[in-house]
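Residue numbers (my numbering): 462 to 542.
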């Protein structure tokens, strides 16, 4: 990746994390903004497992395909997750 596009991407990542720190958890997450996305996904499973008292090794992620393109299209948080 050329340095120019890397810097632009890095600045977007910093803004995403700063918004999260300043305004609280976002309604949707830009997974590829994380330097170690697998760690974020595992932490999400751990939080849910502790909250519901379900063994973490029985949990898995699933996706729903939507027509939303931009993060701003998401208006509410899910009931769980």
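Where is the CB? At the ideal position from N, CA and C, for every residue including glycine.
Since we're looking at a predicted model, the values are computed, not measured.
Alpha carbon of residue i to alpha carbon of residue j, nearest angstrom
{"i": "residue 476", "j": "residue 517", "result": "31 Å"}
{"i": "residue 538", "j": "residue 515", "result": "22 Å"}
{"i": "residue 541", "j": "residue 506", "result": "12 Å"}
{"i": "residue 488", "j": "residue 479", "result": "15 Å"}
{"i": "residue 484", "j": "residue 494", "result": "17 Å"}
{"i": "residue 528", "j": "residue 536", "result": "13 Å"}
{"i": "residue 522", "j": "residue 474", "result": "23 Å"}
Residue range of the alpha helix (DSSP H) that includes residue i
{"i": "residue 502", "result": "498–513"}
{"i": "residue 485", "result": "Counting along the chain, residue 485 falls outside any alpha helix (DSSP H), and DSSP gives it neither H nor E."}
Whole-angstrom C-beta distance between residue j and residue i, which should lie under 8 Å
{"i": "residue 491", "j": "residue 532", "result": "7 Å"}
{"i": "residue 504", "j": "residue 520", "result": "Contact doesn't hold; Cβ gap of about 12 Å is too wide."}
8 Å CB neighbourhood of residue i in its chain, flanking five on each side removed
{"i": "residue 472", "result": "none"}
{"i": "residue 501", "result": "490, 492 and 495"}
{"i": "residue 469", "result": "none"}
Minimum Cβ-Cβ distance from residue i to chain D less than 8 Å
{"i": "residue 462", "result": "Protein chains in the displayed structure number just one, and chain D is not present."}
Other residues of its chain near residue i: CB distance less than 6 Å, five sequence neighbours each side excluded
{"i": "residue 486", "result": "none"}
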